[in-house]
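Residue numbers (our numbering): 1 to 699.
For each residue, glycine too, the CB sits at the ideal point set by N, CA and C.
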Ligand code: ADP
Ligand code: MG
């Protein structure tokens, strides 16, 4: 396809320098190839012409054939419009234009038969169509295929420069007519034959100019398959390259630390899921290959204990380990839990965060370098170049979604031979997305909560039920439970949000004079924040009014009620994370979503999902369906390897699985794609990788 990629769009008949510039700026179309890969976003069936008599306002876009019987300009200024009466012998409709009056007026005449296309609506008791597309019947017959018509996204700027969807369609037709050669194939013929795929040349033509739905489906399938297949092939080949090139530290022994901990200090019986994932990791770390594992487990599933036990394996083999958390609060909490648990074993553990004092920091640096310090827990501060380990064998990253790929890589480089890497995430990721974004990581799943947990009960209240809410909270507090009240504070600098938060705090103080209430937000000094957190964790305060700083990881098992104020302002996965702060003890826990009366349809759906289920995976799937994978938390930084042009990770999961399987089969036979018959694959991968780099340089 190199030729099509090198042909400048400017030279396509009908384009020219000015339009070429616009196409490039507004739609990233610079070459013939870019235009071919500018896929329609929808198709409209234009095979049918309706009689006006049949038309009603509930119909979607329809097509009529007839003549103009009158044309007049009505109104002045902003309401000035062009109104035409259009008739086909079975009835009449009114056609209305508010924009481009001169142009429309010039193209209408009473003598010719026209095709009119648009969405009917009711106005003044009759049917009218606002801003229909019109075309003389003889021209329509010649130009537009009266079948499925492709529609293309165009910006306002493009539209006002005569680059609307229809023009794009015509340019594509011109391109196919002028390009005599076949578009070179990008998949090996073995795959095409085996899976009976349409060849690329046909698929690309049909995606723009389909004559029927069946044909279109086959074309789309071929293009989606190709897209998803190459993503999988890329990820899996990278994984192979890594396993072939990097030797992993061999953790062959299970020694005193783990055994003693397991036999004498384990705080509770491990769940079967915890046992299984630890086994999986032990296997990885003993294999001579570098472990790269993603540990998924819903909030509260006990990932911290797993992390600790895996770190003990590293220590047993005379390596150091570190655990990196996204916030200071969380790092501190991990430090406290873990140092208490390993104290009887005489293990050296340190906490390093942005607020660690210089002398302490120097001491830690020193003891890491000479190997005395065995476990380091901390925040981003761990990544700094001044942090040097004597022998780092394992890196655990908690709550992955706050760390970018680059940050992960910097931790790797802390040892000549990269350490084993365990990434833990509590934001469940839909399977298809995980396969795509983390497809190079092995995945372990904790699919079981510790015993005795009761599912959290979730309700959705409007603000008018506040008295009822307060009565409920008072009851729970009297039973000895603790309560979180969370306010949205997406941007810590938002004044308005702060006002809500502090007003909420005052309101709670007034409503619960008998209780002690602490407030926590991101603008507080770390020491103040810690003090407040401690008050709550120790049970001295019954209510914590907070922002989302408590979203990740905070663990107070006695807290059993989570009230989320203005819940409409949170995304699904954030709501799920917040809810996960309760339900950690044996008590029945509750989550109350407080919102306004007036809710958008989508928001209402979000609340319904939260009330209906506590299953993080189900929520993640729903989230992806509603928002699209690009917006999911945790994916922005890691990003998809290539831009998806036609497939959709939630709708096309079967094609994705198929793509993965085909990629696996190929790599099994040729792990690094070195065989000559796979040349077409490596060539295409190189091209896609290049396209990605260029793309990121432009945007
Ligand atoms: P997360 O997976 O969200 O990080 P944590 O590691 O914070 O979960 O664990 C949540 C709570 O469950 C903690 O209080 C922890 O002590 C407890 N826990 C962990 N494993 C078990 C277990 N096997 N049995 C009982 N409680 C457990
Ligand atoms: Mg955790």
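- Not one heavy atom of the ligand ADP lies closer than 8 Å to the C-beta of residue 558.
- Boundaries of the beta strand (DSSP E) harbouring residue 69: 62 to 74, taken from the DSSP string.
- Taking 3 residues as the shortest admissible run, the segment 365 to 402 contains the following complete beta strand (DSSP E) segments, listed from N- to C-terminal end: 375 to 378 and 392 to 398.
- Going by C-alpha positions, residue 242 is about 17 Å away from residue 423.
- A buried status is given to residue 594, since no fewer than 16 other beta-carbon atoms sit within 10 Å of its beta-carbon.
- With contacts defined by Cβ atoms closer than 9 Å, residue 90 and residue 53 form a contacting pair.
- Between the ligand ADP and the CB of residue 615, the shortest heavy atom gap is not smaller than 8 Å.
- Nearest to residue 643 by alpha-carbon distance, out of 38, 382, 15 and 12, is 38.
- With fewer than three CB-CB distances shorter than 8 Å, the segment 309 to 328 does not count as touching the segment 598 to 608.
- Boundaries of the alpha helix (DSSP H) harbouring residue 573: 572 to 579, taken from the DSSP string.
- Counting only residues of its own chain and dropping the five nearest sequence neighbours on each side, residue 460 has a CB closer than 6 Å to the CB of 593, 607 and 611.
- Counting of Cβ neighbours within 10 angstroms places residue 258 among the buried residues, the total reaching 16 or more.
- In this structure, DSSP gives residue 420 an extended state, which the three-state scheme calls strand.
- If the five residues before and after residue 672 are omitted, its C-beta is found closer than 8 Å to the C-beta atoms of 237, 240, 241 and 244, all from its own chain and listed in chain order.
- In this structure, the ligand ADP has no non-hydrogen atom nearer than 8 Å to the beta-carbon of residue 263.
- Note on the segment 228 to 266: whole alpha helix (DSSP H) runs with a minimum of 4 residues are 256 to 260, in chain order.
- Counting only unbroken stretches of 3 or more residues, the beta strand (DSSP E) elements lying wholly within the segment 476 to 538 are 482 to 486 and 517 to 520, in sequence order.
- Around the C-beta of residue 230, 16 or more other C-beta atoms lie within 10 Å, and the residue is accordingly described as buried.
- Judged by beta-carbon spacing, residue 486 lies within the 9 Å limit of residue 565, meaning their Cβ atoms are closer than that value.
- DSSP places residue 676 within a helical segment (H, G or I) once states are collapsed to three.
- A direct Cα-to-Cα measurement between residue 605 and residue 622 gives close to 10 Å.
- Following the DSSP letters along the chain, one finds residue 594 in no alpha helix (DSSP H) but inside the beta strand (DSSP E) bounded by residues 590 to 595.
- Looking at the backbone, the Cα of residue 626 and that of residue 369 are separated by about 48 Å.
- Inter-residue distance for residue 364 and residue 24 is about 53 Å (C-alpha atoms, whole angstroms).
- In the same chain as residue 477, and ignoring 5 residues on each side of it, the C-beta atoms closer than 8 Å to its own belong to 483, 512, 515, 542 and 543, in chain order.
- By the C-beta density criterion, residue 193 is exposed, having fewer than 16 other C-beta atoms within 10 angstroms.
- The continuous stretches of beta strand (DSSP E) do not include residue 36, which lies in the alpha helix (DSSP H) extending over residues 32 to 36.
- DSSP places residue 39 outside both helix and strand once states are collapsed to three, so it counts as coil.
- Looking from the CA of residue 96, the closest CA among 67, 88, 77 and 133 belongs to 133.
- Scanning the segment 100 to 152 for uninterrupted alpha helix (DSSP H) segments of 4 residues or longer gives 101 to 107 and 137 to 143, listed from N- to C-terminal end.
- In the structure shown, residue 94 adopts extended strand secondary structure according to DSSP, grouped into three states.
- Beta-bridge annotation (DSSP): residue 561 is paired with 483 and 590.
- Taking 9 Å as the cut-off, the Cβ atoms of residue 655 and residue 225 count as close.
- Note: residue 217 is not bridge-paired with any residue in the DSSP secondary-structure output.
- Looking at the backbone, the Cα of residue 66 and that of residue 118 are separated by about 14 Å.
- When distances are taken from the beta-carbon of residue 424 to the heavy atoms of the ligand MG, the shortest one is below 8 Å.
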